[in-house]
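What follows is a set of notes on a single structure, which appears directly below.
Protein chains: 2
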Amino acid sequence: MLLGSIEAGGTKFVCAVGDENFQVINRIEFKTTTPAETLQKAVDYFKQFTELKAISISSFGPIEIIKTSAKYGYITDTPKINWSNTDFLGFMKNNFNMPILWTTDVNGSAYGEYVTANEKIKSLTYYTIGTGVGAGTLINGKFLGETGHPEIGHIRLKRHPDDLNFPGICPYHGDCLEGLVCGPTFQARTGHRGEDVPLSDHVWDIMAYYVAQAALQTTLSILPEKIVFGGGVVSEQFLDKVRYEYNQLMNDYIDVGDLENYITMPTVKNNGSATVGNFALARRKLE
Amino acid sequence: MLLGSIEAGGTKFVCAVGDENFQVINRIEFKTTTPAETLQKAVDYFKQFTELKAISISSFGPIEIIKTSAKYGYITDTPKINWSNTDFLGFMKNNFNMPILWTTDVNGSAYGEYVTANEKIKSLTYYTIGTGVGAGTLINGKFLGETGHPEIGHIRLKRHPDDLNFPGICPYHGDCLEGLVCGPTFQARTGHRGEDVPLSDHVWDIMAYYVAQAALQTTLSILPEKIVFGGGVVSEQFLDKVRYEYNQLMNDYIDVGDLENYITMPTVKNNGSATVGNFALARRKLE
Ligand SMILES: Nc1ncnc2c1ncn2[C@@H]1O[C@H](COP(=O)(O)OP(=O)(O)O)[C@@H](O)[C@H]1O
Ligand SMILES: Nc1ncnc2c1ncn2[C@@H]1O[C@H](COP(=O)(O)OP(=O)(O)O)[C@@H](O)[C@H]1O
Ligand SMILES: [Zn+2]
Ligand SMILES: [Zn+2]
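The listed protein sequences derive, respectively, from chains R and S.
First residue of the first sequence? That's 379 in the working numbering, and the numbers climb one at a time after it.
First residue of the second sequence? That's 379 in the working numbering, and the numbers climb one at a time after it.
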């Protein structure tokens, strides 16, 4: 039996097939172009695998996840050109007669971390800090967000005193969390790509102050057992700064135990959490 | 059959007994003094009712709600003098041989709003803005917060440009949500009690800006079907200001439908949500 994973990102798609132990057997990446072209590539890829029994899609958004909605399975109102109002799930269902699960990219990653921890983590929030910022939360194996998927990337934060003149780059809100800490903010603040800004640069302290507030809001509003940070911007050294700022902000108000275990990088390496999560969700869909 | 409700506040206790339809049959209020005196008063009150079958306590906090903890049922580390480390639930259990439910004050209120809506609301967040600020969230009839109760009162916010010099009054964090909008901030900002500050005063716009951010964070991180605001500071006119600021902040990013239905006062009048909630929780505990 094979399980299929589609990680649909705004920049690239990663499709993979895996076995019942969620091990990757085959994997392909391609650029996100038009919906017609991109989704057809995904279909062509999976058609090769006759043993495929179920697929899970974790997609960039906003997506419609209310099952009773006429737009269930759609990418809805996205700023990404051509992709608004795309019936992603419908296209897949027309091509594959098997269970297909539909969720957000960050939910897929959160689920991957959950199964990798042998489902022993009752509640977990997974943040990605990359081209955009998003988070998915699992509580007792269920995704948080009854009527849609939460968009915690757009919360407002207390501004860092050394960053008051930076307006932020979210097209909707300016200085929301995403507008202050997504990867492209490095270019906007320093003129350099994040990859090229050394961790000794003060901009990383400012980043850590905001990301720590994201963790803090999550602790205070959801109190998950663990907060995982993935995405291109995140490194273990950066998370050390985040933990430091988090401690300052929390000021001993809520004890979450050892911060090294509470605020962590993903257990699955190389941004592979969503693939593992998709395999597990696909299998669950079969049960 | 009678059901018992204890609403344990830092200022006063409200004890009540109700029938199976959650109608109040008898009710008493008394000041919160020492734990020994206050809890004994609660015990003496309920001892009068021989038909009492279950009690639900919704308490000020922080409280321990992890059942496996040695401190389960305690008020833990509170700034309120004499009350740190009080075995509230234990004291009640020693006096009553019946099911006793233990939760937070805001959870009790959230549950009251949930049952009053005939459990038709899948998810709901109840905020209180009074002497302190707190919130409880119910999702499919279950409280959010696996390992403890969330403390959303202490999230950080984007400061209002006309309020930058106000340091906030939270003893732990200064300008967290509670430090910026709890009732006593009126005295701190204006020298007058909130009751005496007219809604035309600009301080109410500042208040609304922050409370709208609280609603916004909740929408973005939890996406409940409804956000209810109770507590002494809240009025329908104030919520109009909150809705206005919420709209500005959200900037059409997530559509929650009619804001008049999404951000509301409690359905149960006169801060009675927690009493109804306790009756319902007590009955549920019997099942
Ligand atoms: N080491 C790094 N430090 C800071 N930013 C980085 C680093 N590596 C990548 N980035 C930034 O992360 C973003 C890409 O994030 P990533 O998670 O890899 O992709 P995506 O979010 O598009 O799936 C880009 O803006 C990139 O500049
Ligand atoms: N109309 C009002 N406008 C503003 N603040 C008010 C108003 N009425 C009461 N308050 C303030 O609300 C707080 C009391 O809140 P309340 O919810 O009644 O009690 P508690 O939180 O102690 O249970 C006090 O700080 C009081 O000054
Ligand atoms: Zn935004
Ligand atoms: Zn605080």
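Note that beta-carbon positions come from the ideal geometry of N, C-alpha and C, so glycine has one too.
Is it buried or exposed for residue i, if we count other Cβ within 10 angstroms and need 16 for buried?
i, result
"Ala414 of chain R", "exposed"
"His580 of chain R", "exposed"
"Thr482 of chain S", "buried"
"Asn485 of chain R", "buried"
"Arg571 of chain R", "exposed"
"Val529 of chain S", "The question names Val, yet the displayed sequence has Glu at residue 529 of chain S. Glu529 of chain S is buried by the Cβ-count criterion."
"Thr416 of chain R", "buried"
"Ser651 of chain S", "buried"
"Glu491 of chain S", "buried"
"Gly635 of chain S", "exposed"
"Thr653 of chain R", "buried"
"Ala394 of chain S", "buried"
"Val412 of chain S", "A small correction: the amino acid at residue 412 of chain S is Thr; Val does not occupy that position in the sequence shown. By the neighbour-count rule (16 or more Cβ atoms within 10 Å), Thr412 of chain S is not buried but exposed."
"Thr428 of chain R", "exposed"
"Gly569 of chain R", "exposed"
"Gln595 of chain S", "buried"
"Asn404 of chain S", "exposed"
Looking at residue i: is its Cβ nearer than 9 Å to the Cβ of residue j?
i, j, result
"Gly655 of chain S", "Val402 of chain S", "no"
"Ala432 of chain S", "Leu467 of chain S", "no"
"Ala586 of chain S", "Phe544 of chain S", "no"
"Glu398 of chain S", "Arg661 of chain S", "yes"
"Tyr423 of chain S", "Ile441 of chain S", "no"
"Lys536 of chain S", "Asp583 of chain S", "no"
"Thr410 of chain S", "Gly388 of chain S", "yes"
"Pro549 of chain S", "Pro477 of chain S", "no"
"Glu603 of chain S", "Ser501 of chain S", "yes"
"Lys425 of chain R", "Asn473 of chain R", "yes"
"Leu542 of chain S", "Gln591 of chain S", "no"
"Trp480 of chain R", "Ile443 of chain R", "yes"
"Tyr489 of chain R", "Leu659 of chain R", "yes"
"Phe657 of chain R", "Ser383 of chain R", "yes"
"Tyr588 of chain S", "His538 of chain S", "yes"
"Leu555 of chain R", "Ser613 of chain R", "no"
Run through chain S and tell me which residues come within less than 7 Å of residue i, C-beta to C-beta.
i, result
"Gly523 of chain R", "Leu601"
"Asn629 of chain R", "Tyr550 and His551"
"Leu516 of chain R", "Those within 7 Å of Leu516 of chain R in chain S number zero; the least Cβ separation is about 11 Å."
"Gln591 of chain R", "Arg534"
Between residue i and residue j, how many whole angstroms is the CB-CB distance? I'm expecting something under 8 Å.
i, j, result
"Gly561 of chain S", "Asp553 of chain S", "Not confirmed; about 16 Å, so no contact."
"Met470 of chain R", "Ile435 of chain R", "7 Å"
"Glu497 of chain S", "Gly514 of chain S", "Contact flag wrong, Cβ pair sits at about 16 Å."
"Val511 of chain S", "Val559 of chain S", "6 Å"
"Val611 of chain R", "Ile507 of chain R", "4 Å"
"Ile641 of chain R", "Leu598 of chain S", "Going by Cβ atoms, the distance from Ile641 of chain R to Leu598 of chain S rounds to 20 Å, so no, they are not a contact pair."
"Ser487 of chain R", "Gly396 of chain R", "Rounded, the Cβ-Cβ distance is 15 Å, inconsistent with contact."
"Ala420 of chain R", "Phe400 of chain R", "Not confirmed; about 19 Å, so no contact."
The alpha helix (DSSP H) spanning residue i covers which residue range?
i, result
"Ser599 of chain R", "His580 to Ser599"
"Phe616 of chain R", "Glu614 to Met628"
"Phe564 of chain R", "Thr563 to Thr568"
"Val654 of chain R", "Ser651 to Leu664"
"Gln418 of chain R", "Pro413 to Lys425"
"Glu442 of chain R", "It is not in any alpha helix (DSSP H) - Glu442 of chain R carries neither H nor E in the DSSP assignment."
"Asn639 of chain S", "Leu637 to Tyr640"
"Val559 of chain S", "Leu555 to Val559"
For the beta strand (DSSP E) that contains residue i, what are its first and last residues?
i, result
"Phe466 of chain R", "From DSSP, Phe466 of chain R is part of no beta strand (DSSP E) but of the alpha helix (DSSP H) over Phe466 to Asn473."
"Val395 of chain S", "Lys390 to Gly396"
"Ala448 of chain S", "Taken as a continuous stretch (DSSP letters only), Ala448 of chain S belongs to no beta strand (DSSP E), as it is neither H nor E."
"Ser434 of chain S", "Leu430 to Ser437"
"Ser383 of chain R", "Leu380 to Ala386"
"Arg405 of chain R", "Val402 to Lys409"
"Leu479 of chain S", "Ile478 to Thr482"
"Thr515 of chain R", "Val511 to Ile517"
"Lys498 of chain S", "Lys498 of chain S -> no beta strand (DSSP E), and no H or E assigned at all."
"Val606 of chain S", "Lys604 to Gly608"
Check the Cβ of residue i against every Cβ in chain S and list those closer than 8 Å, keeping chain order.
i, result
"Arg567 of chain R", "The contacting residues do not exist; Arg567 of chain R stays about 18 Å from chain S at best."
Can you name the residues of chain R whose CB is closer than 8 Å to the CB of residue i?
i, result
"Lys536 of chain S", "Arg534, Leu535, Lys536, Arg537 and Asp553"
Could you tell me which chain R residues have their CB closer than 9 Å to the CB of residue i, listed as they occur along the chain?
i, result
"Asn529 of chain S", "The residue you asked about is not Asn; residue 529 of chain S is Glu in the sequence shown. Simply Thr597, Leu598, Ser599, Leu601, Tyr631 and Ile632."
"Leu594 of chain S", "His532, Ile533 and Arg534"
In chain S, which residues lie less than 9 Å from residue i when you measure between Cβ atoms?
i, result
"Gln626 of chain R", "What Gln626 of chain R touches in chain S: nothing, since even the nearest Cβ is about 10 Å away."
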